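Below you can see the structure in the form of structure tokens.
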């Protein structure tokens, strides 16, 4: 690895201060691979030279570019398909079973990157729910750059090849030159907004929160704080979906693991903060769809994620 | 799991077969649709066929139609792997009985993602 200690420390410190994402020693490869395109683009001999120029120049756009390069994930449609099949076979049936009329469904897709996750959710909802359910997806990310692409809903051939089922492609996309364009009716169901997970969450309540493959970047205290904020905006009967390698267990006791999708789905537990939940072992959908009393919510924290 | 890779380009067959082998498949190759039918007729038990569209002798769409007309081959998963990228062509292939459609050029990850969708990947994620 050719990165100097100074380069790594500067980048890690900048990214931590701007996004709270921790780049531990050992993540040098990540810094190098993500910043190399920017270094080349700027005509620098390598990542060290590029970072040195960013550090001495202190220009805001350069600093933002570095943070964005390190916090943006490559993402595919229906990434790790199990949460989407669980959405279809367990979560939506459970939500339907709990309410006499499911006339409105709100979803938060956090750290949505270039939009593949919220569009995948929208496609699944369109397939399962009829027109009598009004769906609203709030999709947030830290990076303006990725949000702009997400809003536009235009994807290259290589991007649509990544995990998008062909029947979904022909139903929801149209060719637009060399690219593919998402259908307007699907785009209309999604509101994109810039949001930092360290700030107050978007205005709830939500029935579903997708927070996948992002907690892994944070330290324990930050994970706990983020999960606490998600808990406040999630309806008592709602679901939280984490990444396959993530868990609330040992982090925050206010969650109960639902035995679907390889353990990446959780429901909020109310009033029992001390005990850590024991994972359930039986999976008979939708047994967790017990009816609950009408939910009450804390006063909404109005911060639409504009933190600049 | 066994996969039949059908493409008139030997290089392309090798790329697709190599990617599938990395994912734990054994593979058999054919240079056109007719050769591929011969492989199936010989009794080779195949779980997945990756099929190019434009080939001499018998094209991929005809192959798909032929396979779909035979009861004993019903369990074979059919995925087009082709440069044909028009909306209408994808619709045609799906209507003929293809399960998935991958447009060239693609990355090995794209094949993996499609197999995940088709339920053809070995379970390897942590519980």
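Chains as they are written, first to last, in my numbering: chain A, 1 to 308; chain B, 309 to 435.
For glycine and all other residues, C-beta sits at the position ideal for the given N, C-alpha and C.
Computed from a predicted structure; not experimentally measured.
Take residue 49 of chain A, set aside five residues on each side of it, and the residues of its chain with a beta-carbon closer than 8 Å to its own are 39, in chain order. Residues 179, 180 of the same chain have their beta carbon placed closer than 7 Å to that of residue 155 of chain A, with the five preceding and five following residues left out of the count.
Selection B:415, B:412, B:369 evaluated against residue 402 of chain B yields B:369 as nearest (Cα-Cα).
Any Cβ of chain B closer than 8 Å to the Cβ of residue 36 of chain A would place that residue at the interface, and such an atom is absent. Note on geometry: alpha-carbon atoms of residue 15 of chain A and residue 54 of chain A lie some 13 Å from one another. At least one beta carbon of chain B lies nearer than 8 Å to the beta carbon of residue 163 of chain A. For residue 194 of chain A, the enclosing beta strand (DSSP E) has its first and last residue at 190 to 194.
For residue 359 of chain B, the enclosing beta strand (DSSP E) stretches over residues 356 to 359. Taking one beta carbon from each stretch, the segment 361 to 380 of chain B and the segment 124 to 138 of chain A have fewer than 3 pairs nearer than 8 Å; the two do not touch. Counting C-beta pairs closer than 8 Å gives three or more between the segment 242 to 250 of chain A and the segment 208 to 228 of chain A, which meets the contact rule.
Per DSSP, the continuous alpha helix (DSSP H) segment holding residue 12 of chain A begins and ends at 5 to 19. For residue 414 of chain B, the closest Cβ of chain A is nearer than 8 Å.
Three or more Cβ pairs closer than 8 Å define a contact, and the segment 192 to 204 of chain A meets that threshold against the segment 102 to 114 of chain A. Judged by DSSP secondary structure, residue 123 of chain A falls within the alpha helix (DSSP H) whose first and last residues are 116 to 128.
Pairing residue 416 of chain B with residue 94 of chain A, the inter-Cα distance amounts to about 36 Å. Apart from the 5 residues on each side of it in sequence, residue 358 of chain B sits with its Cβ closer than 6 Å to the Cβ of 313, 324, 387, 389 in its chain, given in chain order. Listed by position along chain A, the residues whose Cβ is nearer than 9 Å to that of residue 394 of chain B are 175. Closer than 8 Å to the CB of residue 181 of chain A there is not a single CB belonging to chain B.
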